[in-house]
Amino acid sequence: MEKNGTRFDGRKHDELRPMEAKVGVLKNADGSAMFRLGNTYAIAGVYGPREVHPKHDENAGKAILRVRYNMAAFSTKERSRPGPSRRSQEISMVTQQALSSVVFLEEFPKAAIDVFIEVIEADASTRCVGLNAAALALADAGIPMKGLVSSCSAGKVNGSVVLDVAGEEDTEGELDLPVAYYPKKDTITLLQMDGLTDRKEMRKIIELAISGCKKISEVQQKALMEKYAGGSNDRA
Amino acid sequence: MIGLDTALVRKVVSNGERLDGRMKDEYRDVSVKTNIVSSAEGSARVSIGNTMVIAGVKMGIVEPYPDSLDEGTLMVAVEFIPFADPLFEPGPPNVESIEVARVVDRAIRESKAIDTKKLCIKEGEKVWSVSVDIDVINNDGNLIDASSIAAVAALATAKFPLVDENGKVVWGKKTDKSLPVNGLPLCTTFVKINGTTLLDPTAAEFAALDARLTIGTLDDGKLCALQKNGMGGLTLDEIDQMVAAAEEKAEEIRGKIRAAL
């Protein structure tokens, strides 16, 4: 944050980076989507409902939802080692929970719904961008859902509360708070925080993140309309 | 692929046809787009029909291997992303993905397209490491060719990262200096099904193959790698014909890469 209140990349405090969303970007997956927020870019693909392997994971009462979040080795400035890390496993888990809250899992007893998220390029907020793509991919797969989930983060840079911390701000940021939000029920389905704040400021940060989620939701809905109202996109 | 019908593929091929209507020696449409990942030093997205891969090159400064103190290192890795195919599963690399990586690696390494001696910074102490990582985004067969095209295109666009006065890489800052690449070593793959040779096999054709041959070729007509796979055999004449066809086809694809650089 510069002294005169503008940010490194010229954004206002409540402004997201440029967004792009496309639905149906993979040929083989039952549902797929890409989501881009500035330089952070993820593709999500969904398979299912399909048979559960291994069988003992099966649930007689409802479908199981499995999520794998992964970062491409070349997605970061320094190469990231392929394979699951503690970080990626935690993100997979919280993403799974955020998505489970809106999917009608009871409709498909004994089935599996697999969501795969691949971060192609990372510049902060990869879990949010992955979740935004995953929600669209589930919708594209025709999985019945209560509604879309949208996700973004807000944080604090040099003492100022800002939306969507990214780029040069990331190294100077003292707090990051990613949120996933389900607008229809006005509920938060993912919430994490790194950094120090107080209750009053926390409210302000969460409110700002929710305002970002609402803007993202519009972009997601537009992407679904583009595919299902005639237009088509077939490139990841 | 869901509902692969190996018997149907074999029957159609026996009638001199292919399920997607192509000629035996016809390649699917190839598209190459470079510089698509700004976090990578070099990158490319390649499609062959419905097969799509993304390759990214990352560079770093490392200690050389004890047996080659004046040479940089080169590594190729391939990840089968689970959304690329309903049969792909998350987990450590399986033997299929390891083979793709090793064949692509071999073609590049043996061709000497990357002169690892030029990647030496200080003998015995510091050399450049070049990592080519390939994500398989959608699988419709022939992942070796797609990965090799993407790897070579990504290497050919790679720029060295900035190094500070203490000899440390400044991540995220690229220089104008290109990675020296001599030639474009490419892999071209054929399968044999019921005695018929097919160029650029789809996933369905892969599942039905008797034998497979991948041929690494270089711009000057040299061969840099060969890899046979499958239970069936190939005659010397068959191999010779495949090599001749591979040289011609790879040259066409090199044109597409050059146009994308």
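Protein sequences appear in the order of chains A and B. Numbered according to the working numbering, the first sequence spans residues 236 to 471. Numbered according to the working numbering, the second sequence spans residues 9 to 269. From the three backbone atoms N, C-alpha and C, an ideal C-beta is built for every residue, glycine too. In this text, all values refer to a predicted model and were calculated from it rather than measured experimentally.
Query raised in the report: Taking just the CA atoms, how far does B/N190 sit from A/K297?
Result: Going from the Cα of A/K297 to the Cα of B/N190 covers about 57 angstroms.
Query raised in the report: With 7 angstroms set as the bound, which would you pick, yes or no: does the beta-carbon of B/S46 sit closer than that to a beta-carbon of chain A?
Result: So yes, B/S46 belongs to the interface.
Report task. Can you check DSSP and say which residues form a bridge with A/L300? Result -> For A/L300, the beta-bridge partners assigned by DSSP are A/I348.
Query - A/P413 - partner residues in DSSP beta bridges - result: Residue pairing by DSSP places A/P413 opposite A/S388 in a beta bridge.
Requested in this report: Please decide whether A/K262 counts as near chain B, where near means a Cβ-Cβ distance under 7 angstroms.
Outcome: Chain B contact via Cβ: present.
Query raised in the report: Count the other CB atoms within 10 Å of the CB of A/D433; is the residue buried (16 or more) or exposed (fewer)?
Result: Classification for A/D433: exposed.
Query - Helix, strand or coil at A/R470 [DSSP, three-state] - result: For A/R470, the pLDDT reaches just 47, beneath the cut-off of 50, and the residue's location in the model is therefore unreliable, leaving the point undetermined.
**Report entry** Local Cβ density within 10 Å of B/K176, reported as buried at 16 or more and exposed below that
**Finding:** B/K176 is exposed by the Cβ-count criterion.
Query - Closer than 7 angstroms at the beta carbon, the chain B residues around A/E356 - result: The contacting residues are V45, S46 and S47.
Query raised in the report: So is A/K312 in contact with chain B if we call contact Cβ pairs under 7 angstroms?
Result: True, the Cβ-Cβ gap to chain B drops below 7 angstroms.
Requested in this report: Using a cut-off of 7 angstroms between C-beta atoms, extract the partners of A/G280 located in chain B.
Outcome: Ordered by position in chain B, the residues that pass the 7 angstroms Cβ test against A/G280 are F91.
Report task. To the nearest angstrom, report how far apart A/H288 and B/L221 are at their CA atoms. Result -> Straight-line spacing of the CA atoms in A/H288 and B/L221 works out to 33 angstroms.
Query - Rounded C-alpha distance that separates A/C363 from A/E341 - result: Approximately 26 angstroms, taken between the alpha carbons.
Query raised in the report: Is A/A365 helix, strand or coil when you go by DSSP?
Result: Sequence inspection shows Gly at residue 365 of chain A; the Ala mentioned does not correspond to that position. Annotated three-state conformation of A/G365 is helix, per DSSP.
**Report entry** Span separating the alpha-carbon of B/K185 from that of B/D228
**Finding:** Cα to Cα, B/K185 sits roughly 25 angstroms from B/D228.
Query - 6 angstroms Cβ shell around B/V138 - same chain, five flanking residues per side excluded - result: Non-local beta-carbon contacts of B/V138 in its own chain, meaning distances under 6 angstroms to residues more than five positions away in sequence, involve M67 and L82 in chain order.
Query raised in the report: Taking the C-alpha atoms as reference points, what is the distance between A/Q456 and A/I348?
Result: Approximately 22 angstroms, taken between the alpha carbons.
Report task. Would you tell me roughly how many angstroms separate the C-alpha atoms of A/R271 and B/E118, rounded to the nearest one? Result -> Approximately 38 angstroms between the Cα atoms of the pair.
**Report entry** Contact check, B/T42 vs B/T165, beta carbons under 7 angstroms
**Finding:** It is a contact, given that the beta carbons lie within the stated cut-off.
Requested in this report: Compare the C-alpha of B/N174 against each of B/T210, B/K134 and B/R53 and name the closest.
Outcome: When the alpha-carbon of B/N174 is set against those of B/T210, B/K134 and B/R53, the nearest one is in B/K134.
**Report entry** Sequence-distant residues of its chain with Cβ nearer than 6 angstroms to B/Q235 (five each side left out)
**Finding:** Counting only residues of its own chain and dropping the five nearest sequence neighbours on each side, B/Q235 has a CB closer than 6 angstroms to the CB of V111 and T222.
Query raised in the report: Taking the runs of the beta strand (DSSP E) that are 3 residues or longer, which of them lie wholly in the segment 209 to 260 of chain B?
Result: Counting only runs of 3 or more, we get 219 to 225 and 231 to 237.
Query raised in the report: Can you list, in chain order, the stretches of the alpha helix (DSSP H) that have 4 or more residues and sit fully within the segment 13 to 37 of chain B?
Result: Qualifying alpha helix (DSSP H) stretches, in chain order: 14 to 22.
Query raised in the report: Mind pulling the chain B residues with CB within less than 7 angstroms of A/F343?
Result: Using a Cβ-Cβ cut-off of 7 angstroms, A/F343 is close to nothing in chain B; its nearest Cβ partner there is about 16 angstroms away.
**Report entry** B/G203 - containing beta strand (DSSP E), residue span
**Finding:** According to the DSSP assignment, B/G203 belongs to no beta strand (DSSP E), since it is labelled neither H nor E.
**Report entry** For B/A268, the nearest candidate out of B/V251, B/P209 and B/V160 (CA to CA)
**Finding:** Its Cα nearest to that of B/A268, the residue B/V160 stands out among B/V251, B/P209 and B/V160.
Query raised in the report: Can a CB atom of chain A be found closer than 7 angstroms to the CB of B/D218?
Result: It does not: the Cβ of B/D218 has no partner Cβ on chain A nearer than 7 angstroms.
Report task. Indicate whether at least one CB of chain A lies closer than 7 angstroms to the CB of B/K66. Result -> It does; some Cβ of chain A falls within 7 angstroms.
Query raised in the report: Under 7 angstroms between the Cβ atoms of A/A415 and A/L431?
Result: No, they are not a contact pair.
Query raised in the report: Contact check, B/T59 vs B/D148 under 8 angstroms by CB: the rounded distance?
Result: With a Cβ gap of about 5 angstroms, B/T59 and B/D148 count as contacting.
**Report entry** Nearest neighbour of B/S39, chosen from B/M31, B/L231 and B/S55 [CA to CA]
**Finding:** Selected option, being the one with the closest Cα: B/S55.
Requested in this report: For A/R434, return the contacting residues in chain B, with the cut-off set at a CB-CB distance below 7 angstroms.
Outcome: Result: empty, since nearest Cβ-Cβ is about 36 angstroms, beyond 7 angstroms.
Query raised in the report: By how many angstroms is the C-alpha of B/G180 removed from the C-alpha of B/F168?
Result: Using only the alpha carbons, I get a separation of about 11 angstroms.
Requested in this report: Look at A/G408 and A/V396 and say whether their C-beta atoms are less than 7 angstroms apart.
Outcome: No; because the gap between Cβ atoms is not below 7 angstroms, this pair is not in contact.
Query raised in the report: Thinking just about the alpha-carbon of each residue, which of B/R114, B/K120 and B/G238 is nearest to the one in B/S156?
Result: Cα-wise, what sits closest to B/S156 is B/R114.
Query raised in the report: Taking any Cβ of chain A, which residues in the segment 177 to 203 of chain B have a Cβ under 7 angstroms from it, in chain order?
Result: Here the close residues are W179 and G180.
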